[in-house]
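Here's the structure we're looking at; comments come further down.
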């Protein structure tokens, strides 16, 4: 009888224990917290077959312990539900970033506002510095245009170096904040030089052929170029880090945030346009009517506000941790290793190439890319030593001698994008002329809107900017969704199609610019005003005739530059996304530098065949042959577009590319 009661008692306690364990497992089987640490060890039934006095007490202890652990894990699980962590991102204190608390569109708005104020401060410089160099610092017109393109090109090309430094040593947030301070200092120095007469050449009319104008030199020239290139260094940091830092605020794996990221890139151009609209109207008007010191001063204030707004969002940002290595360095390692192994033979089976263990790679949160049979010469960087046939995982190889397959594939992706990159350089070369020579065209024309108000020629760029302010929301909210339903591509059309539309429009823009220049010179000739002084003796033709070339190029901007930004970011592998935007800035940098070179080549080649000493020589644009230069650019753009179509059709998207996935999903649906 006692033995029967003992067995019944043991059975009841055993069922209680099983019930508690079942509830625990049922509650947490989907939880990210490991079960092993709290249910495997208590599951010991061996003591219950000993004396009755001991096993029941142990069972009660185990059950009580499990209840306590269950309550603790319920609290943890509930907090985890509320605080969903963002993989690979931290907050400003180095803790894991929490979704709905850090990042998202609300913090992206602060970044967009910063970019808007930065463009408000600097956009006017891109269109009006030629006038400052020519009219205040007394550079010749062609030299003034070259000084501007050199400054712009330096700002873009330095973005590559700044991106490497940001990824390797400083982080994007600190680099962006420091770059904003650099721009503030550069603008402040320009303001000081423009304010004090002793820091600039004496006043002189450079359009008077008899005037002997003194060109800036000595310490004043040093101050000018120090201020300009501090400003260029700051602009490089902004361009290198702001778009990628903005993209960091979204999780690509979250469909909702992935769509928001696509909108972010369109809104980035909108921020440029809004800031540029204020810069091209208010600040340009201040520069031309109140003085350059006032204009530079307002730019300095705008830059200060941008830095303050950006810093105010610090507690809300998702921050990319410093990697300690740069993806650009890893790409260089592939080429060095391939050259070192150039005499080795490639294995017949690509599986024999070196790659780290996938499990280890997953632990490191690295992207794994499959081998592709393109650019096979780079595969030599992954040839394993023939003596062992494999590499010891405990001792990683020298990356300058042996690279992983994924690392080699990253290098192949970048190499595949180089032809696309090369075909977009001429776009900026054309843009440089609208920022230099087209402004000088406007100076000779009638800028009156009413009898009492005249628009500054440098403000003509407001025409495409205003158009973009209207068309970008329409494009993003109406065209993209409709096109996406037809094509199955999230961005409506592919990035390469978008770039192609912009390239052909830039060709049309230069052709129209040449036609408008012929019309302008005909008016000057018909009214015997070829020697008229710009501004003081305007031609009887409205400056708004130039709006056609600006309008067409503005549409080209919307397609090409935003398309390139999305293309480079979406095609870049995981390790290269942070610096992918630098490819666009590098393309623009080369465009500005090539503009300087092309102007010198054209002037040198036409020196002996024109009365003015070259198509673009001298300060009197009425005696030049700017129309021929525009048509030369249009012809070059047409040839470039044909090459681009050939290259784009043969481009192979990387494995896992959003475009490829979209096309595959559409085929499955069909």
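Residue numbers (my numbering): 408 to 1077. Where a beta carbon is used, it is the ideal one built from N, C-alpha and C, also for glycine. Note that the structure is a prediction, hence the values are computed from the model and not measured.
Pull up the distance between the alpha-carbon of residue 721 and that of residue 816, whole angstroms please.
-> As a working mapping, residue 721 is identified with position 314 in the chain shown. As a working mapping, residue 816 is identified with position 409 in the chain shown. About 36 Å.
Taking DSSP as the reference, what is the three-state secondary structure of residue 440?
-> Indexing the chain shown from 1 puts residue 440 at position 33. Low per-residue confidence applies at residue 440: pLDDT is 37, beneath 50, and the placement is therefore not dependable enough to give any value.
From residue 486 to residue 665, what distance separates their C-alpha atoms?
-> Sequence index remark: in the chain shown, residue 486 carries index 79 (1-based). Sequence index remark: in the chain shown, residue 665 carries index 258 (1-based). Reliability of the predicted coordinates at residue 486 is poor, the pLDDT of 46 falling under 50, and the value obtained from them is presented with this limitation in mind. Taking the straight line joining both Cα atoms gives about 25 Å.
From residue 522 to residue 776, what does the alpha carbon distance come to, in whole angstroms?
-> Working through the chain shown from its first residue, we reach residue 522 at position 115. Working through the chain shown from its first residue, we reach residue 776 at position 369. So the alpha carbons of these two residues sit roughly 34 Å apart.
Would you check if the segment 557 to 575 and the segment 703 to 715 touch, i.e. whether three or more CB-CB distances between them fall below 8 Å?
-> no
Rounded straight-line distance, which links the Cα of residue 658 to that of residue 613 | Looking up residue 613 in the chain shown gives position 206. Looking up residue 658 in the chain shown gives position 251. Cα-Cα distance, rounded: 55 Å.
Spell out the partners DSSP gives residue 505 in its beta bridges.
-> As a working note, residue 505 is residue 98 in the chain shown. Looking at the DSSP assignment, residue 505 forms a beta bridge with 492.
Simplified DSSP state of residue 658, which is helix, strand or coil = Against the chain shown, residue 658 aligns to sequence position 251. Correct three-state label for residue 658: coil.
Can you give the Cα-Cα distance for residue 963 and residue 743, rounded to whole angstroms?
-> Sequence index remark: in the chain shown, residue 963 carries index 556 (1-based). Sequence index remark: in the chain shown, residue 743 carries index 336 (1-based). If I take the Cα positions, the gap works out to 39 Å.
Which of the three DSSP states, helix, strand or coil, is assigned to residue 1057?
-> Translated into the one-based positions of the chain shown, residue 1057 becomes position 650. Residue 1057: coil per DSSP, three-state reduction.
Are the Cβ atoms of residue 642 and residue 538 separated by less than 8 Å?
-> Walking along the chain shown from the start, residue 642 turns up at place 235. Walking along the chain shown from the start, residue 538 turns up at place 131. For residue 642 and residue 538, no; Cβs fall outside 8 Å.
Round the Cβ separation of residue 959 and residue 916 to the nearest angstrom and send it over; I've been treating them as touching at under 8 Å.
-> By 1-based counting over the chain shown, the position of residue 959 is 552. By 1-based counting over the chain shown, the position of residue 916 is 509. Rounded, the Cβ-Cβ distance is 4 Å, consistent with contact.
Residue 871 - containing alpha helix (DSSP H), residue span | For the purposes of this step, residue 871 is taken as the residue at position 464 of the chain shown. Residue 871 -> alpha helix (DSSP H) spans 869 to 881.
Would you mind stating whether residue 925 and residue 956 have Cβ atoms separated by less than 8 Å?
-> Start at 1 with the first residue of the chain shown, and residue 925 comes out as number 518. Start at 1 with the first residue of the chain shown, and residue 956 comes out as number 549. In this structure, residue 956 does not lie closer than 8 Å to residue 925 by Cβ.
So, using beta-carbon positions, are residue 501 and residue 585 closer together than 8 Å?
-> Your numbering for residue 501 matches position 94 in the chain shown. Your numbering for residue 585 matches position 178 in the chain shown. No. Outside cutoff.
Does the count of Cβ pairs from the segment 873 to 884 and the segment 662 to 680 closer than 8 Å reach three?
-> yes
Please confirm whether residue 583 and residue 519 have their CB atoms less than 8 Å apart.
-> Numbered from its first residue, the chain shown carries residue 583 at position 176. Numbered from its first residue, the chain shown carries residue 519 at position 112. No, the Cβ-Cβ distance between residue 583 and residue 519 is not below 8 Å.
Is it right to say residue 574 is buried, meaning 16 or more other beta carbons lie within 10 angstroms of its own, or is it exposed?
-> Within the chain shown, the letter at position 167 stands for residue 574. Looking at its Cβ environment, which holds 16 or more other Cβ atoms inside 10 Å, residue 574 is buried.
Which residues in the same chain as residue 856 place their Cβ atom closer than 6 Å to its Cβ, once the five residues preceding and following it in sequence are excluded?
-> Counted from its first residue, the chain shown places residue 856 at position 449. Answer for residue 856: 862, listed in chain order.
Assigned exposure category for residue 943 - 16 Cβ within 10 Å defines buried | Against the chain shown, residue 943 aligns to sequence position 536. By the neighbour-count rule (16 or more Cβ atoms within 10 Å), residue 943 is not buried but exposed.
Run of the alpha helix (DSSP H) containing residue 597, from where it starts to where it stops | Along the chain shown, read from residue 1 onward, the residue named residue 597 stands at position 190. 579 to 602 is the span of the alpha helix (DSSP H), which, as asked, contains residue 597.
Tell me, please, whether the segment 989 to 999 touches the segment 818 to 835 by the rule of three or more beta-carbon pairs shorter than 8 Å.
-> yes
Mapping DSSP to helix, strand and coil, what is residue 480?
-> Translated into positions along the chain shown, residue 480 becomes position 73. Here the model assigns residue 480 a pLDDT of 49, short of 50, so the residue's position is not dependable, and the following value carries that caveat. In the three-state scheme derived from DSSP, where H, G and I count as helix and E and B as strand, residue 480 is classed as helix.
Within its chain, find whatever has a CB closer than 8 Å to the CB of residue 692; leave out the 5 residues flanking it on each side and keep chain order.
-> Within the chain shown, the letter at position 285 stands for residue 692. Only 863, 866 meet the Cβ criterion.
What number of angstroms, rounded off, separates the C-alpha of residue 1059 from the C-alpha of residue 904?
-> Here residue 1059 refers to the residue found at position 652 when the chain shown is read from its first residue. Here residue 904 refers to the residue found at position 497 when the chain shown is read from its first residue. Taking the straight line from one Cα to the other gives about 14 Å.
Is the CB-CB distance between residue 597 and residue 634 below 8 Å?
-> Here residue 597 corresponds to residue number 190 of the chain shown, with the count starting at 1. Here residue 634 corresponds to residue number 227 of the chain shown, with the count starting at 1. Yes. Within cutoff.
The alpha helix (DSSP H) enclosing residue 947, as first and last residue numbers | Counting from one through the chain shown, the residue named residue 947 turns up at place 540. Run containing residue 947: none in the alpha helix (DSSP H); it sits in the beta strand (DSSP E), 946 to 949.
Per-residue burial, residue 927 [other beta carbons within 10 Å of its own, 16 or more giving buried] | Walking along the chain shown from the start, residue 927 turns up at place 520. Residue 927 is buried by the Cβ-count criterion.
Expressed to the nearest angstrom, what Euclidean distance is found between the alpha-carbon atoms of residue 1038 and residue 599?
-> Residue numbering aside, residue 1038 sits at position 631 when the chain shown is read from its first letter. Residue numbering aside, residue 599 sits at position 192 when the chain shown is read from its first letter. So the two alpha carbons sit approximately 41 Å from each other.
Spell out a yes or no on whether the segment 749 to 764 and the segment 838 to 855 are touching, meaning 3 or more CB-CB pairs, one atom from each, closer than 8 Å.
-> no
Spatial distance of residue 910 from residue 651 (CA atoms) = Here residue 910 corresponds to residue number 503 of the chain shown, with the count starting at 1. Here residue 651 corresponds to residue number 244 of the chain shown, with the count starting at 1. Taking the straight line from one Cα to the other gives about 25 Å.
Reference residue 595; option with closest CA among 631, 622, 626 | Counting from one through the chain shown, the residue named residue 595 turns up at place 188. It is 631.
Can residue 781 and residue 819 be called in contact, C-beta distance under 8 Å?
-> For the purposes of this step, residue 781 is taken as the residue at position 374 of the chain shown. For the purposes of this step, residue 819 is taken as the residue at position 412 of the chain shown. Yes, the Cβ-Cβ distance between residue 781 and residue 819 is below 8 Å.
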